[in-house]
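A.B. asks:
2 protein chains.
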Amino acid sequence: MKCLILAAGRGRRLQSRADSKPLLPLLGVPLVERTVRAARAAGADRFVVVTGYAADRVEAFLRDLAARLDVPIDTVRNPEWDSTENGRSILAAEGLLREPFLLSMADHLFEPALVRDLLRAPLPEDGLCLAVDGDRDNPLVDPGDVTRVCRDGDRITAIGKGLEPFDGYDTGIFHCTPALFDALRAAGSEGDTSLSAAVQWLAARGRARAVDVSGRFWCDVDDEPALRRAEEALLRRLRGKTGDGPVARWLNRPLSIRLTRRLVETPVTPNQISLFSFGLSLVAAALFLLPGWWALALGGLLAQAASVIDGCDGEIARLRFQGSDYGGWLDAVLDRYADAFLLAGLTAHAWQQGGGPWPLAAGFLAITGSFMVSYTADKYDGLMRERGGARFRMGRDVRVFLIFLGALLDQVLPVLVLIALVMNLETVRRLIVCRREPGGARGGADVVADRARS
Amino acid sequence: MKCLILAAGRGRRLQSRADSKPLLPLLGVPLVERTVRAARAAGADRFVVVTGYAADRVEAFLRDLAARLDVPIDTVRNPEWDSTENGRSILAAEGLLREPFLLSMADHLFEPALVRDLLRAPLPEDGLCLAVDGDRDNPLVDPGDVTRVCRDGDRITAIGKGLEPFDGYDTGIFHCTPALFDALRAAGSEGDTSLSAAVQWLAARGRARAVDVSGRFWCDVDDEPALRRAEEALLRRLRGKTGDGPVARWLNRPLSIRLTRRLVETPVTPNQISLFSFGLSLVAAALFLLPGWWALALGGLLAQAASVIDGCDGEIARLRFQGSDYGGWLDAVLDRYADAFLLAGLTAHAWQQGGGPWPLAAGFLAITGSFMVSYTADKYDGLMRERGGARFRMGRDVRVFLIFLGALLDQVLPVLVLIALVMNLETVRRLIVCRREPGGARGGADVVADRARS
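For the protein sequence lines, the chains are A and B, in the order given.
First residue of the first sequence: 185, per my numbering; consecutive thereafter.
First residue of the second sequence: 185, per my numbering; consecutive thereafter.
#1: DSSP beta-bridge partners for B/R640?
#2: In chain order, what residues of the same chain lie with their CB nearer than 6 Å to the CB of A/R635, ignoring the 5 residues before and after it?
#3: Please report how far the alpha carbon of B/L208 lies from the alpha carbon of A/A501, in whole angstroms.
#4: Could you say which of B/Q456, B/P308, B/A432 lies nearest to B/L386 if we only look at CA atoms?
#5: Taking beta-carbon pairs under 8 Å, can you tell me which members of the stretch 546-558 of chain B lie near chain A?
#6: What are the uninterrupted segments assigned as alpha helix (DSSP H) that are 4 or more residues long and contained completely in the stretch 535-571 of chain B, given in chain order?
#7: Can you list the residues of chain B that A/T560 reaches, using a CB-CB cut of under 7 Å?
#8: Between the C-alpha atoms of B/R569 and B/T355, what's the straight-line distance to the nearest angstrom?
#9: Give me, in chain order, the residues of the same chain whose beta-carbon lies closer than 8 Å to that of B/R218; leave out the 5 immediate sequence neighbours on both sides.
#10: Should the stretch 478-496 of chain A be regarded as contacting the stretch 549-562 of chain A, the criterion being three or more beta carbon pairs within less than 8 Å?
#11: Nearest to A/D428 by CA position, among A/A370, A/D581, A/P475, is which residue?
#12: Report yes or no: do three or more beta-carbon pairs, one from the stretch 349-365 of chain A and one from the stretch 288-303 of chain A, lie closer than 8 Å?
#13: Measure the C-alpha to C-alpha separation of A/M185 and A/M289 and round it to an integer number of angstroms.
#14: Just to confirm, is the Cβ distance from A/L364 to A/I441 under 9 Å?
#15: Apart from the five residues on each side of it in sequence, which residues of its chain come closer than 8 Å, Cβ to Cβ, to A/Q199?
#16: Classify A/D317 as helix, strand or coil using the three-state DSSP reduction.
#17: Show which residues of chain B have a CB atom less than 7 Å away from the CB atom of A/K563.
#18: Should B/T219 be flagged as near chain E, meaning a C-beta pair shorter than 9 Å?
#19: Under 9 Å, do B/N262 and B/G279 count as touching if we go by C-beta distance?
#20: Report the rounded CA-to-CA distance for B/V260 versus B/R412, giving the unit in angstroms.
#21: In the DSSP assignment, find the unbroken beta strand (DSSP E) run with A/I230 in it and report its ends.
#22: In its own chain, which residues sit with a C-beta less than 7 Å from the C-beta of B/R520, not counting the 5 before and 5 after it?
#23: Output the distance between the C-alpha atoms of B/P430 and B/G498, rounded to the nearest integer angstrom.
#24: Mapping DSSP to helix, strand and coil, what is B/A282?
#25: Using only alpha-carbon positions, find the residue among A/D406, A/R335, A/G375 that is nearest to A/D396.
#26: Taking buried to mean at least 16 other C-beta atoms within 10 Å of its own C-beta, is A/L486 buried or exposed?
#27: Using the DSSP secondary-structure output, state which residues sit across from B/D258 in a beta bridge.
#28: Buried or exposed for A/V612, please, with buried defined as at least 16 other CB atoms from any protein chain shown within 10 angstroms of its CB.
#29: Mind checking who B/S288 pairs with in its DSSP beta bridge?
#30: Do B/G271 and B/T444 have their C-beta atoms closer together than 9 Å?
#31: Rounded to a whole number of angstroms, what is the C-alpha to C-alpha distance between B/C403 and B/W265?
#32: Using a C-beta cutoff of 9 Å, does A/L207 count as contacting chain B?
#33: Within a Cβ cutoff of 7 Å, which residues of the same chain sit near A/P310, ignoring the five residues on either side of it in sequence?
#34: Check this for me: beta carbons of A/L526 and A/F472, under 9 Å apart or not?
#35: Reducing DSSP to helix, strand and coil, say where A/L402 ends up.
#36: Could you name the residues of chain A that B/L615 contacts, counting a contact when the two beta carbons are closer than 8 Å?
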């Protein structure tokens with residue numbers, strides 16, 4: 185599937201932020217790169233980008249992007265980019281588009297799921313599908329600037345900026361047949377060279393279908409307020425969805441997102457953040473070894489700070505499309521070591537305060553239980569995902585928060601006992617929950633190779 | 185794909201072991217069930233079984249099997265089972281077989297990969313494919329009893345018991361078109377109602393193809409020596425392939441297989457064995473807490489015994505087709521707890537002998553390192569599988585063996601230090617090896633959800 189991206193315009197309203205709008209960085213990634221990446225994630229595997237304003241720089245950037253992503257990107261120039269509507273940019277690419285294709289603006293952000301919805305809908309012969317947002321209260325939309333759509337079932341009946349009545353917004357993302365080119369010429373010969381005019385021309389002939397994508401994320405970045413809304417929306421999307429526990433959701437994530445907003449503009453990498461957070465945990469564990477409340481409390485604060493910072497690596501990786509299997513794995517392995525050292529530090533602290541072997545036993549069980557909760561997490565999370573529904577997640581966020589509280593309140597032994605109890609009981613609970621699952625007893629000779637793992 | 189299984193014969197040569205040969209249990213599972221399961225694993229999804237001798241009992245067993253496996257099994261009786269050759273049994277099923285089908289004898293064991301090889305080969309129109317073993321030295325074959333095959337390329341030129349010269353063995357596993365029925369009638373009208381005669385009839389017309397399956401496991405269970413050979417072969421197949429470490433391969437596995445041979449005939453389940461082995465490890469850990477060499481050495485012996493027994497659960501599950509995701513997972517979780525308690529017991533022992541906090545630090549690092557090696561095993565093993573090739577595997581077998589040696593030789597602290605060093609260095613090595621992997625830096629926004637796991 186080819187994807188046509190219109191990147192010819194100048195974007196005067198954002199000129200103060202970047203000379204060329206397609207190259208405007210949004211949370212560390214230029215707008216046109218975001219469009220290419222999102223379309224690729226939805227299935228597009230070749231790109232045609234129409235350039236105009238600052239064409240040399242945009243094309244140089246796209247050559248570099250094509251190499252980085254290992255995806256073919258052809259460019260076409262629209263010399264009339266400044267004097268005509270955007271339909272002329274589409275016509276400039278006609279020679280490269282003989283099959284149905286995806287069409288997006290370079291300054292429209294969208295999630296891949298929106299495009300997948302669009303591609304699933306049947307494409308009218310000699311027509312097009314437009315992704316329409318039926319949520320008239322979508323806070324990301326600028327009501328004064330957006331193109332409106334009127335629908336009859338899944339047929340578009342009218343499209344235009346001032347349209348009244350209307351029941352949806354034009355997201356600017358289309359699935360088109362090459363019939364669009366004829367429609368553009370027909371509408372152009374009637375005096376309007378805009379894409380909307382061509383859609384109107386097709387709609388009048390019953391060949392423009394609306395695909396409802398209400399609830400999916402999309403955003404048109406036209407001016408400063410829209411840019412800020414888009415940033416907020418991208419940052420907000422970092423919350424939830426990732427199986428955050430309660431402390432992560434209500435405390436760590438809001439703080440880490442604030443930090444991420446700053447860090448994403450710097451050259452720091454996600455793996456560097458993972459390592460920094462790990463180092464901070466080691467310092468915290470070392471502080472636990474010192475006598476006295478001050479060192480203990482400072483260690484607790486550092487441990488909690490490390491837990492907050494530990495959220496930034498994944499957030500930055502997602503914002504910058506730097507996510508990797510290895511990064512996630514390294515982060516998880518370092519977290520396990522950090523947990524172990526923090527609990528060992530607390531155990532040593534409690535032991536120095538007296539109590540003979542009992543603080544050691546509590547510490548051992550706390551370390552073991554914490555490991556087991558992480559060790560069983562993949563299997564348990566997979567099962568819970570299949571079942572769906574909300575659930576309380578007993579993970580690292582809660583563990584470190586308990587360590588933080590215990591250190592701050594100088595209640596080290598009670599916290600070790602609590603962690604030991606909660607984590608081991610949670611492990612046993614998971615063993616029981618997963619056993620009850622119908623799939624739990626699934627047979628098959630191939631599966632058993634796993635038994636030998638150690 | 186339907187699969188026809190011939191289970192009409194009596195099996196006089198094995199009468200002392202079971203009255204009906206298809207129901208003869210081989211390492212806990214009746215022969216005909218092994219055939220059905222192996223064919224199903226290779227892709228067969230409907231079965232037709234021809235019964236004869238003891239038909240009521242065989243059919244009752246197959247009804248139960250169909251319900252257990254949730255797979256349709258039709259049965260057809262061959263009333264002439266005692267007076268004719270096996271071709272008549274095939275003809276009895278003609279009404280149920282309108283499409284190409286798989287054909288096997290109820291007393292032939294085979295691995296699913298053999299059938300997959302057979303099904304991949306093109307099937308001659310109006311003919312059949314026979315899986316032929318070209319390994320004339322196959323120790324599982326009884327040279328005096330096997331049906332021999334002579335080939336020209338992939339064409340069968342002759343087939344028969346005493347054939348000379350010959351270059352392969354008839355495995356008794358066929359991929360047939362319904363043309364086989366006409367061939368059986370044609371050969372029968374010439375006086376020979378055996379399947380071999382029909383194959384010979386088709387071979388004379390160039391319609392019998394040989395598919396070479398040399399090296400694949402198959403075995404014809406006709407008499408006591410063949411039964412013993414089959415048992416040995418199935419047990420031998422439990423070795424290797426499962427990522428065993430050196431101690432598992434050279435010490436634990438040979439012992440556990442001996443134990444499995446006994447246990448597989450009893451009603452004990454794999455999960456019961458996992459729990460028993462875990463309990464034994466707990467007893468060993470408790471013995472480590474007692475002062476003196478005797479308790480220490482006994483604990484070491486019990487720990488090593490538990491490690492051997494821990495191999496039996498997977499072996500029995502494989503032999504009885506009782507493998508399950510849950511079983512493998514339960515076993516792994518219990519192993520982690522067992523490791524932790526054994527090392528904690530050793531740590532307590534070393535601590536009681538003096539040395540202040542240093543034995544505690546060594547014990548902590550040994551426990552943490554052991555966990556980390558298990559925690560990183562899935563990812564690392566997956567990567568190594570992709571790369572292929574042999575590798576030294578530093579896993580639980582080595583860990584428990586070191587514990588055993590340390591206890592026996594009363595060298596607890598050195599062993600803790602050794603385990604701490606080896607396990608943590610191995611974890612760091614894995615982090616480095618996986619980072620170097622080209623796939624290690626694979627990008628993509630979807631992947632990063634993993635980062636949030638804890």
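Even for Gly, the Cβ is constructed at its ideal location relative to N, Cα and C.
C.D. replies: Let me lay it out:
#1: Outside the modelled stretch of chain B, which goes from 185 to 638, sits residue 640 of chain B, for which no answer is possible.
#2: Against the first sequence, residue 635 of chain A aligns to sequence position 451. Annotation note: pLDDT 35 at A/R635 (below 50); position unreliable, no value reported.
#3: Walking along the second sequence from the start, residue 208 of chain B turns up at place 24. Walking along the first sequence from the start, residue 501 of chain A turns up at place 317. Approximately 59 Å, taken between the alpha carbons.
#4: Along the second sequence, one-based indexing puts residue 386 of chain B at 202. Ranked by Cα distance from B/L386, the first of B/Q456, B/P308, B/A432 is B/P308.
#5: F548, I551, T552, F555, M556, S558
#6: 542-559, 561-571
#7: The residue given as residue 560 of chain A occupies position 376 in the first sequence. Neighbours of A/T560 on chain B, chain order: V517.
#8: Residue 569 of chain B sits at position 385 when you count from the first residue of the second sequence. Residue 355 of chain B sits at position 171 when you count from the first residue of the second sequence. The straight-line gap from Cα to Cα measures roughly 31 Å.
#9: Here residue 218 of chain B is taken as the residue at index 34 of the second sequence, counted from 1. Closer than 8 Å at Cβ, skipping near neighbours: L210, L293.
#10: They do not touch, by the three-pair rule.
#11: Indexing the first sequence from 1 puts residue 428 of chain A at position 244. That would be A/D581, whose Cα lies nearest to the Cα of A/D428.
#12: yes
#13: Translated into positions along the first sequence, residue 185 of chain A becomes position 1. Translated into positions along the first sequence, residue 289 of chain A becomes position 105. Answer to the nearest angstrom: the Cα atoms are 17 Å apart.
#14: Translated into positions along the first sequence, residue 364 of chain A becomes position 180. Translated into positions along the first sequence, residue 441 of chain A becomes position 257. No.
#15: Here residue 199 of chain A refers to the residue found at position 15 when the first sequence is read from its first residue. Nothing listed; no residue qualifies.
#16: Translated into positions along the first sequence, residue 317 of chain A becomes position 133. Strand at A/D317.
#17: Start at 1 with the first residue of the first sequence, and residue 563 of chain A comes out as number 379. Residues of chain B whose Cβ lies closer than 7 Å to the Cβ of A/K563 are, in chain order, W513.
#18: No chain E appears in this structure, whose protein chains are A and B.
#19: For this step, residue 262 of chain B is matched to residue 78 along the second sequence. For this step, residue 279 of chain B is matched to residue 95 along the second sequence. Taking the C-beta atoms as reference points, B/G279 is found no nearer than 9 Å to B/N262.
#20: As a working note, residue 260 of chain B is residue 76 in the second sequence. As a working note, residue 412 of chain B is residue 228 in the second sequence. Answer to the nearest angstrom: the Cα atoms are 30 Å apart.
#21: The count along the first sequence starts at 1 and reaches residue 230 of chain A at position 46. Inspection of the sequence shows that residue 230 of chain A is occupied by Arg rather than by Ile. Here the beta strand (DSSP E) through A/R230 covers 230-235.
#22: Locating residue 520 of chain B in the second sequence gives position 336, where the first residue counts as 1. Same-chain partners within the cutoff: F555, S558.
#23: Numbered from its first residue, the second sequence carries residue 430 of chain B at position 246. Numbered from its first residue, the second sequence carries residue 498 of chain B at position 314. Taking the straight line from one Cα to the other gives about 18 Å.
#24: What you label residue 282 of chain B is simply residue 98 of the second sequence in a count that begins at 1. For the sequence presented, residue 282 of chain B should be read as Arg rather than Ala. Of the three classes helix, strand and coil, the one that applies to B/R282 here is coil, per DSSP.
#25: Walking along the first sequence from the start, residue 396 of chain A turns up at place 212. Looking at the Cα atoms, A/R335 is the closest of the given residues.
#26: As a position in the first sequence, residue 486 of chain A is number 302, starting the count at 1. Counting Cβ neighbours within 10 Å, A/L486 comes out buried, since at least 16 surround it.
#27: By one-based count along the second sequence, residue 258 of chain B stands at place 74. B/V232.
#28: By 1-based counting over the first sequence, the position of residue 612 of chain A is 428. The residue in question, A/V612, is exposed, as its Cβ has fewer than 16 Cβ neighbours within 10 Å.
#29: If you number the second sequence from 1, residue 288 of chain B lands on position 104. B/I189, per the DSSP bridge assignment.
#30: Along the second sequence, one-based indexing puts residue 271 of chain B at 87. Along the second sequence, one-based indexing puts residue 444 of chain B at 260. Cβ atoms of B/G271 and B/T444: not closer than 9 Å.
#31: One-based indexing of the second sequence puts residue 403 of chain B at position 219. One-based indexing of the second sequence puts residue 265 of chain B at position 81. About 23 Å.
#32: By one-based count along the first sequence, residue 207 of chain A stands at place 23. Interface criterion not met: the Cβ of A/L207 is under 9 Å from no Cβ in chain B.
#33: By 1-based counting over the first sequence, the position of residue 310 of chain A is 126. For the record, residue 310 of chain A in the displayed sequence is Asp; it is not Pro. T361, A363, R391, listed in sequence order.
#34: Against the first sequence, residue 526 of chain A aligns to sequence position 342. Against the first sequence, residue 472 of chain A aligns to sequence position 288. The answer is yes: Cβ separation under 9 Å.
#35: Position 218 of the first sequence, counted from the first residue, corresponds to residue 402 of chain A. It is Trp, not Leu, that sits at residue 402 of chain A in the sequence shown. A/W402 carries a strand assignment under DSSP once its states are collapsed to helix, strand and coil.
#36: The residue given as residue 615 of chain B occupies position 431 in the second sequence. Simply L514, V517.
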